[in-house]
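Below is one structure, written out as structure tokens, with a few remarks after it.
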DNA sequence: CTGAAAGCGCTTACAG
DNA sequence: CTGAAAGCGCTTACAG
């Protein structure tokens with residue numbers, strides 16, 4: 001049942017059909033108050049009757065506003081980014097903007113992707129910084145003059161605007177919570193990706209909490225990001241070898257934390273009686289892996305929505321209330337500590 | 001360090017700078033063979049020097065091809081869809097197309113989203129059918145005349161083209177595998193979403209395998225999709241009550257299967273000696289949850305890439321080799337059965 | 001409240 | 001191989 005009229009009605013067609021000029025049609029959609037009630041009604045009815053759908057490409061070219069926001073994400077598989085994209089997309093939709101998406105895990109590819117995206121003349125760009133951006137990428141964006149917001153970023157923006165939360169504070173808070181439970185020998189399972197400031201900030205937050213409590217802050221083991229759940233087991237093994245009295249593990253992510261919980265199950269250790277585990281991210285698995293992972297929810301959707309708000313404010317008014325915004329995180333208490 | 005020249009160089013600027021006509025510039029990019037080597041070289045160099053980025057909005061309007069593919073997905077959190085999007089996006093990028101993304105979980109919202117998207121004049125549409133599409137949605141698409149491919153779909157396309165795999169076959173194959181392991185009492189943990197043919201097809205595949213083996217095919221329990229991992233536990237409990245000798249559980253998804261494995265751990269049941277579990281989807285968790293979940297990999301990325309291929313073939317040549325394509329699935333053998 | 005006209009930055013037959 | 005000209009479907013001052 002494929003068919004479809006290949007020639008869509010244009011604004012001129014609609015104008016003729018409704019017996020008005022094209023510009024009145026345009027006003028009916030863009031500035032309804034400028035046109036008389038009865039005229040508008042007639043135009044809108046005619047539009048529905050002939051199935052008129054405004055051509056936003058022509059609109060973009062004529063108005064200089066594409067109403068498209070380009071989003072670059074390192075990976076859709078990361079549910080944090082997926083949430084950010086959902087928060088962003090939902091917000092944009094309510095404002096009549098569309099999402100132009102590109103996934104780029106490599107910095108080199110990022111430049112090419114950016115080139116293509118920029119050709120589309122997006123009204124704004126959302127950078128989700130799983131990685132650092134190359135100098136050339138920054139130049140491309142800068143030269144384009146398109147407003148940008150960096151997400152999952154808690155420092156000063158590299159470019160224009162930024163939204164995120166304090167990775168440091170969040171890690172410190174949950175580590176402090178372990179201390180308050182009475183644990184004295186606590187390890188950190190991190191990732192060995194030195195170029196990622198994000199992981200380092202979390203680790204520093206953990207270490208700060210240990211120092212504040214007068215505890216060892218060197219029970220640190222870094223696993224490759226690619227290890228997935230297995231990273232939790234690797235960290236358990238390494239840190240237990242270093243400190244046999246280890247009572248708990250504070251993890252760089254829920255994936256690693258879930259891996260640690262699996263390892264506890266394997267060992268027959270009860271959680272949290274025998275061993276405690278803290279996660280980071282509040283992924284879906286956190287709620288489901290027994291006995292429930294205590295973790296920090298970093299509110300990805302809200303980060304996305306905030307990024308959208310900042311961008312549209314900048315696009316439509318030329319200015320923003322604040323170039324950096326923080327989105328609150330929450331510690332979600334379940335039963336793993 | 002925000003700046004950026006708000007006024008970007010146009011093709012006319014570049015033409016003037018390079019001392020040629022705009023149309024020669026256009027040809028340098030679109031039909032390089034039509035222009036003399038030396039001329040082309042000069043134009044390209046000048047373009048790089050002034051940082052010219054072709055305006056694809058103007059290009060789209062003039063040529064009638066937006067080179068944008070609109071993709072509608074029910075949820076980005078589902079890693080199957082995330083993979084499909086990645087496969088699609090990577091392919092489109094190599095072909096100079098961009099991805100216009102929208103997430104819609106509700107059929108009603110889908111219509112509004114479709115309206116906006118269609119206004120963008122996408123060259124093609126990818127529908128990822130987590131749900132049925134409303135009559136109105138189908139009409140909208142049909143009326144637009146834009147080529148569409150439905151993904152994760154194994155029957156005849158509702159609209160135009162479809163790409164997927166046999167949900168039935170995949171489920172039957174993995175269930176048959178359980179039978180071959182010598183299991184006699186096998187249950188099905190499915191989802192109670194009657195409108196989803198997708199779940200039903202898997203269930204039928206399971207039941208077919210049981211019938212072929214002369215085993216009971218009524219050990220079926222449906223859990224709400226929203227139950228997540230907990231669904232596995234619920235199904236275990238219900239089916240064990242129905243058949244105390246239950247030896248294995250064939251699951252509608254890896255999430256449910258992982259939940260079943262968690263429940264086995266909780267019970268202290270060794271897998272697969274005491275109990276076997278089969279998954280569906282090969283999500284990240286399948287490889288990581290002990291002892292490793294045997295499951296079916298449905299090749300999401302390949303589905304996305306194939307969708308892209310079909311669409312671009314249709315867009316650029318006006319026809320396709322086949323309106324329906326299947327992407328092979330694989331059974332990934334680990335240790336849960 | 002309504003409209004004629006120019007223009008957004010490209011592409012595309014059509015000539016030369 | 002190169003170019004002048006019309007046109008894609010809108011929006012936007014500017015008049016009336």
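Chains as they are written, first to last, in UniProt numbering: chain A, 1 to 337; chain B, 1 to 337.
Every residue gets a Cβ at the ideal spot worked out from N, C-alpha and C, and that includes glycine.
Beta-bridge partners of residue i, as assigned by DSSP
i: residue 150 (chain B); result: B:127 and B:162
i: residue 332 (chain A); result: A:295
i: residue 276 (chain A); result: A:248
i: residue 191 (chain B); result: B:223
i: residue 324 (chain B); result: B:162
i: residue 234 (chain A); result: In the DSSP output, where bridge partners are listed per residue, residue 234 (chain A) has none listed.
i: residue 103 (chain B); result: B:73
i: residue 186 (chain A); result: A:248
i: residue 98 (chain A); result: A:68
C-beta contact flag for residue i and residue j at 8 Å
i: residue 61 (chain A); j: residue 53 (chain B); result: no
i: residue 276 (chain B); j: residue 247 (chain B); result: yes
i: residue 162 (chain A); j: residue 324 (chain A); result: yes
i: residue 222 (chain B); j: residue 190 (chain B); result: yes
i: residue 129 (chain B); j: residue 98 (chain B); result: no
i: residue 336 (chain B); j: residue 292 (chain B); result: yes
i: residue 65 (chain B); j: residue 9 (chain B); result: no
i: residue 120 (chain A); j: residue 70 (chain A); result: yes
i: residue 303 (chain A); j: residue 94 (chain A); result: no
i: residue 289 (chain B); j: residue 262 (chain A); result: yes
i: residue 127 (chain B); j: residue 148 (chain B); result: yes
i: residue 68 (chain B); j: residue 100 (chain B); result: yes
i: residue 17 (chain A); j: residue 46 (chain A); result: yes
i: residue 298 (chain B); j: residue 279 (chain B); result: no
i: residue 243 (chain B); j: residue 215 (chain B); result: no
i: residue 51 (chain A); j: residue 143 (chain B); result: yes
i: residue 57 (chain A); j: residue 57 (chain B); result: yes
Within-8 Å CB hit, residue i to chain A
i: residue 79 (chain B); result: yes
i: residue 30 (chain B); result: no
i: residue 216 (chain B); result: no
i: residue 1 (chain B); result: For residue 1 (chain B), the predicted structure reports a pLDDT of 35, less than 50, and the residue's modelled location is therefore unreliable. A value from the coordinates is still provided. Yes, its Cβ sits closer than 8 Å to a Cβ of chain A.
i: residue 20 (chain B); result: no
i: residue 4 (chain B); result: Confidence in residue 4 (chain B) is poor, its pLDDT being 39 and thus under 50, which makes the residue's placement too unreliable to answer from.
i: residue 179 (chain B); result: no
i: residue 262 (chain B); result: yes
i: residue 271 (chain B); result: no
Where residue i sits in the DSSP three-state scheme
i: residue 220 (chain A); result: strand
i: residue 179 (chain A); result: helix
i: residue 72 (chain A); result: strand
i: residue 9 (chain B); result: coil
i: residue 241 (chain A); result: helix
i: residue 2 (chain A); result: Caution is warranted here: a pLDDT of 36 is assigned to residue 2 (chain A), below 50, making its placement in the model unreliable, and the coordinate value is therefore given only provisionally. The answer is coil: DSSP assigns residue 2 (chain A) none of H, G, I, E or B.
i: residue 319 (chain B); result: coil
i: residue 282 (chain A); result: coil
i: residue 63 (chain A); result: helix
i: residue 420 (chain B); result: Any answer about residue 420 (chain B) is impossible in this case: the structure gives chain B only from 1 up to 337.
i: residue 135 (chain B); result: helix
8 Å Cβ cutoff, residue i in contact with chain B
i: residue 191 (chain A); result: no
i: residue 302 (chain A); result: no
i: residue 66 (chain A); result: yes
i: residue 229 (chain A); result: yes
i: residue 256 (chain A); result: no
i: residue 285 (chain A); result: yes
i: residue 115 (chain A); result: yes
i: residue 332 (chain A); result: no
i: residue 89 (chain A); result: yes
i: residue 143 (chain A); result: yes
i: residue 253 (chain A); result: no
i: residue 174 (chain A); result: no
i: residue 106 (chain A); result: no
Across the region 242-253 of chain A and the region 316-327 of chain A, are there enough close Cβ pairs to call them in contact, namely three or more that are closer than 8 Å?
no
Between the region 255-275 of chain A and the region 166-179 of chain A, are three or more C-beta pairs nearer than 8 Å?
no
Stretch-stretch touch, CB-based, cutoff 8 Å, three pairs: the region 98-105 of chain B with the region 69-85 of chain B
yes
Do the region 86-94 of chain A and the region 12-25 of chain B make contact, defined as three or more Cβ pairs closer than 8 Å?
no
Would you be able to state if there are at least three C-beta pairs under 8 Å between the region 172-182 of chain B and the region 293-301 of chain B?
yes
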